[in-house]
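> According to mature numbering (1 follows the signal peptide of the UniProt record, and there is no 0), the residues represented by the sequence shown are -19 to -1, 1 to 510, in order.
We put the beta carbon where it would ideally sit given N, CA and C, even for glycine.
Just so we're clear, the structure is a prediction, and the values are computed from it rather than from any experiment.
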Amino acid sequence: MQSSSYFLHLFVAVALAGAATMHVSAPVALPLGSLRLEGRLSFDESDLSSASRDFGNRGRLLPAVVVRPASAADVAATVRHVFRQGGGRSGTLTVAARGHGHSLHGQAQAAGGVVLSMESLAAGGGMTPAVVWPGAEAYVDASGGALWIDVLRESLKQGMAPKSWTDYLHLTVGGTLSNAGVSGQAFRHGPQISNVLQLEVVTGQGEVMNCSDKENADLFHAVLGGLGQFGIITRARIALEPAPKMVKWTRVLYSDFRSFMEDQEMLTSSMESFDYVEGFVIINRTGILNSWRSSFDPQDPVRASKFDSGGRVLFCLEMATNFNREEVESKNKQVERLLSKLRYIPSTLFQSEVSYLEFLDRVHVSELKLRSVGLWEIPHPWLNLFVPRSRIHDFAREVFGKILKDNSNGPILLYPLNRIKWDNRTSAVIPDEEIFYLVAFLSSAPSQSSLEQALKLNNEVLEFCNRAGIRMKQYLPHYTTQEEWRAHFGDQWDRFSQRKEIYDPLNILAPGQRIFHKAGARFSSSTWQ
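What follows is the structure, encoded as structure tokens:
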């Protein structure tokens, strides 16, 4: 459908739940209403099908319409219309903001509802997805639908860059800020939600609001880590710092978990440290280990990616130091000084130098390789946990020692985060300890049997945590009942639900999270494997 400078009088059909996918049944007339949009609406079958998929690739829910907004006004007009229709049959409509579709359990889907394609917003109106404002307190104004990789490229043009990242940059700004956004820089700068100065948000009533720590502060903190429940992020102002040119990338292996853990904590609590620290677990009983980041050493990929484990569980510590050409000597000495304090297996020290952009976009290299052999768009039964430090040894002993037999279908990340770098006014949920660990099981399932096995192992991990009283919190959480969500939020539940009543009283937004249910809206958890 072409961009509208005229009124669109349209009727949409409600999609009814099928087995693994929602299919359009006998149509029930629902007036979408008269909308004047800069962007467009699409009822094209391929667009609806695309909006019903996500990276998890374990279930599909067809929307009734896909809206491609060209501006925040388009987003607001769409949500406002759905809100105003809340009393009639069309009150069953819900709205999901879909970024790059990297959710795992249909969180950006809306069965029989409206999906806003937020990447269209980044390209709308002839504007760039990000505008950099240099100076003593530099920042970038980025569209909520902009990819972080594009924000980085625009910032680098001014010699600047955001401070905190996710490992994968081909995600939208609004998407990661609705969760938290963590990576190996978080120990130093906090998650991405700790580096936001201002937001433009469309609430569940269709109102466009600017918010910050000083203006509409409650909405600002609610939306950050809010799982899309209180508003749709249409623009974010993000703090910048001077960007380095190069990165010295270091990787070492450990056979002892305690040394691995204590070295990580030493690095993430010291004044002098690396700029990036992440760990991951390698469980392999066959002896030869293959790195999940084969791009680590372009000059010597075999040496960098293989190591004879002797059948042991090993732990890899990955570190990066940012530098410019004139700092090479001093930075090399710093790296040597830091490495001298660590207790890794000496023969496993591998190092490489790459550009700052290459390092931050490193996972995209793996994506392209997987896409080329048809192994990207397969199910990804991921499980991400925040585990309190006081129980990390118990967790590792049971999970890595007994439950998991190998991790050949994806990496297992494990690294510490510092609570002091998180703002407890946001909606993000973390354990109540000063240090906690991200443990991420990033499985891929190329076959039905491998999917079933991964889900079985995930359940065993969760059951162990419950049985052993490990008070972990899910990151990128997935629950199907409000009772489970109450337990997840704990003493933050009252604040969370009160904010929902204020900013999205009709439960229109982000139905795929399954936290609050709109009367009459359709969803079947049986569509998920």
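Report, in whole angstroms, the separation of the C-beta atoms of C297 and I263, which I expect to be a contact under 8 Å.
6 Å
> Tell me where the beta strand (DSSP E) around D256 begins and ends.
From DSSP, D256 is part of no beta strand (DSSP E); its letter is neither H nor E.
> What residue range does the beta strand (DSSP E) around Y396 cover?
Counted as a single uninterrupted DSSP element, the beta strand (DSSP E) harbouring Y396 occupies residues I393 to N399.
> Please report the straight-line C-alpha distance between R218 and M141, rounded to a whole angstrom.
The straight-line gap from Cα to Cα measures roughly 14 Å.
> Taking A77 as the reference, which of G209, A117, L178 and N191 has the closest Cα?
When each option's Cα is compared against that of A77, the closest is G209.
> Can you say whether E307 is buried or exposed, counting buried as having 16 or more other CB atoms within 10 angstroms of its CB?
exposed
> I need the straight-line Cα distance from Q479 to T249, nearest angstrom please.
36 Å
> Would you kindly report the start and end of the unbroken alpha helix (DSSP H) that includes T249?
F238 to S250
> For V354, is the classification buried or exposed, using 16 other Cβ atoms within 10 angstroms of its Cβ as the cut-off for buried?
Within a 10 Å sphere around the beta-carbon of V354 sit fewer than 16 other beta-carbons, which makes this residue exposed.
> Look at the Cβ atom of L85, then the Cβ atom of W363, and state whether they are nearer than 7 Å.
yes
> According to DSSP, what are the bridge partners of T73?
Within the DSSP bridge table, the entry for T73 names no partner.
> State the Cα-Cα distance for the pair P50 and S98, rounded to the nearest angstrom.
In a straight line, the C-alpha of P50 is about 7 Å away from that of S98.
> Could you tell me how far apart the beta carbons of F367 and F445 are, in whole angstroms, since I believe they sit closer than 8 Å?
Contact flag wrong, Cβ pair sits at about 16 Å.
> Secondary structure at Q210, three-state DSSP: helix, strand or coil?
coil
> How would you call D256, buried or exposed, if buried means at least 16 neighbouring beta carbons within 10 angstroms?
Its Cβ being crowded by 16 or more others within 10 Å, D256 is buried.
> Just list the beta strand (DSSP E) runs in the segment 178 to 202, keeping only unbroken ones of 3 residues or longer that don't cross its boundaries, in chain order.
189 to 193
> Ignore the nearest five residues each way along the sequence and tell me which others in I384's own chain have a CB closer than 8 Å to its CB.
L438, E441, V442 and F445
> Which two residues bound the contiguous alpha helix (DSSP H) that contains I416?
No alpha helix (DSSP H) holds I416; the beta strand (DSSP E) holding it covers I416 to F422.
> Which word fits G268, buried or exposed, when buried means at least 16 other C-beta atoms lie within 10 angstroms of its C-beta?
Note that G268 scores 48 on pLDDT, short of 50, meaning its location in the model is unreliable; the coordinates nonetheless yield the value given after this. G268 sits exposed, since fewer than 16 C-beta atoms from the chains shown fall within 10 Å of its C-beta.
> Take K499 and list the residues in its own chain whose beta-carbon comes closer than 6 Å to its own, dropping the five residues that flank it on each side.
Excluding sequence neighbours, K499 sits near T75 and N488.
> Please work out which residues of its chain come closer than 8 Å, Cβ to Cβ, to P44, disregarding the five sequence neighbours upstream and downstream, and give them in chain order.
A(-5), L29, A32, S33, A77, Q90, A91, A92, G93, G94, V95 and V96
> Out of A220, P412 and K481, which one is the CA nearest neighbour of W114?
A220
> Roughly how many angstroms separate the alpha carbons of M397 and S145, rounded to a whole number?
In the sequence on display, residue 397 carries Pro and not Met. So the alpha carbons of these two residues sit roughly 15 Å apart.
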